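A short write-up of the structure that comes next.
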Amino acid sequence: MSHVLMGGFVCLAIGGPLLWAATVNRIVAVVNDGVITEADVTSQVNALLDDTASTSEGAKPDASEMRRAALRHLIEQQLLLQEAKRAGITIGTDDVLERLGRLKAQARSEEEFQRSLAQAGLTEEQLKERVRQHLMVRRIIDDHIGSKIVVSPQEVAQELGAHPELEKPGDRVKASGLLVRVTEARSEEQARDLIRDIRQQLSRGADFAALAKRYSEDSHGADGGAMGWVAPGELLPELDAVVSSLAPGTVSEPIRTKLGFHLVNVEERRPASSLSMMEAHRAIYQKLYQQKFQHALNRWMAELKRKAYIDITPEG
C-alpha cells in the first residue's frame, strides 16, 4: 500500500479495509451467470486443509494444487446449483430449519454455535442459504442420477462368480458410530473437546443412540448411529483397526480420521462362517451401485462443463 506525505495515517486506516474487501470480493471465475470470489476459494481451501490434516503425516499440502482443487469443486457445485434452479427444485423453509436445528444441536450451547459462526465469518442467514443450496444440489443429483441407477441380479451374480472370495469375508461386527467433524466453523480443538465430553457422558451411562442422534454428523446419525453389520475393509482404516480389537458391548476412545473425531460402539461380533448369502449379495450390490453412481456423476459433470461458459481469471 502506498503512503502519502500528507495524511498518510488516514490513508492507511481507510485504505486498508477497502483494499482487503476488494481482494476478498475479487471475482476468480465466472460460471455461466454465476461468479466465484476469492473469499469462496479461500473458504473451500480451508475446508480441504481440514480434511487432509490427519492424513498428511507432517507433509505440507501443495498450495497451488489445493487451490486448483478448491476452485474445481466450486465450479462443479455452481453448475449443479444452476441445474437445480433450472429444474425448478426448491427447498422449503422447514427443511432448512430442520437441518439448521441439527447443526445447532451438535454445539453444546447457543453461545458455542454463534462463536463457531463468527470464526467461519458467517451470519446465521448466510448459513441458512448455504444449507438451502446444499440440499438443492443433493436433490438434483438424486433426481438426475441416484434414482436412475439400476443394478440387476445378473450383475451381482456375475461379480460373485468373478470374485468367489467375496462370499467368504472376514468376521463382521454389528456397530454404531458417532462422528464430530472438524470444519471451518469448528476447530480441531473444539471438535476434540466435544467428542471427549460425549465420551464422558457415555461413561456415565448415557445412551449411545440418543447421543448419536443429537451430535453425529454422518449419514447414520438420524438412525442413532446404527451402521449394521460391517466387514473388515468397509470402514475407514483408522476405524477398522480399532473395531477389530473391541469386545462386544464396548465403546472406543475418540478416533481421529480425515473426517474428524469418531466413537464406535461394538454391539455384537459374528464369525464369517455364519454370514448369509443375502448379506454377501447386499454388499456387492452396494459396491456396484456406488461404481455406477460415480461413473454417471463424472459423465454428467463433464457434459455440464462442456456446455457451460466458464471463465477463470489469470489470478484464479
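Read left to right, the sequence shown gives residues 226 to 541 (this note's numbering).
Positions of the beta carbon are idealized from the N, C-alpha and C atoms, including for glycine.
Keep in mind that this is a model prediction, so the values were computed, not measured.
Alpha-carbon to alpha-carbon, residue j and residue i
i: residue 514; j: residue 438; result: 27 Å
i: residue 380; j: residue 507; result: 12 Å
i: residue 363; j: residue 521; result: 15 Å
i: residue 505; j: residue 340; result: 46 Å
i: residue 327; j: residue 333; result: 12 Å
i: residue 528; j: residue 369; result: 13 Å
i: residue 540; j: residue 250; result: 13 Å
i: residue 274; j: residue 292; result: 10 Å
i: residue 543; j: residue 272; result: Because the chain here runs from 226 to 541, residue 543 falls outside it and cannot be looked at.
i: residue 413; j: residue 342; result: 15 Å
i: residue 420; j: residue 487; result: 8 Å
i: residue 317; j: residue 330; result: 20 Å
CB of residue i within 7 Å of CB of residue j, strictly
i: residue 536; j: residue 255; result: yes
i: residue 406; j: residue 459; result: no
i: residue 183; j: residue 374; result: Outside the displayed range of the chain (226 to 541) lies residue 183, so it cannot be described from this structure.
i: residue 266; j: residue 295; result: yes
i: residue 397; j: residue 456; result: yes
i: residue 355; j: residue 321; result: no
i: residue 345; j: residue 489; result: no
8 Å Cβ shell around residue i - same chain, five flanking residues per side excluded
i: residue 509; result: 381, 384, 385, 391
Bridge-paired residues (DSSP) for residue i
i: residue 493; result: 399
i: residue 319; result: Answer is none; residue 319 lacks a bridge partner.
i: residue 536; result: 255
i: residue 261; result: 254
i: residue 475; result: 491
i: residue 451; result: 401
i: residue 365; result: Partner(s): none; residue 365 has no beta bridge.
i: residue 406; result: 485
i: residue 480; result: 487
Chain-order list of residues whose beta-carbon lies under 7 Å from that of residue i (same chain, five-residue window excluded)
i: residue 257; result: 307, 533, 534
Close beta carbons around residue i, own chain, < 6 Å, minus the five adjacent residues each side
i: residue 531; result: none
i: residue 376; result: 510, 513, 514
i: residue 243; result: Residue placement at residue 243 is poorly supported in this model, since its pLDDT is 38, which falls under 50; the coordinates still yield a value, given next. Closer than 6 Å at the Cβ level, and outside the excluded window around residue 243, lies no residue.
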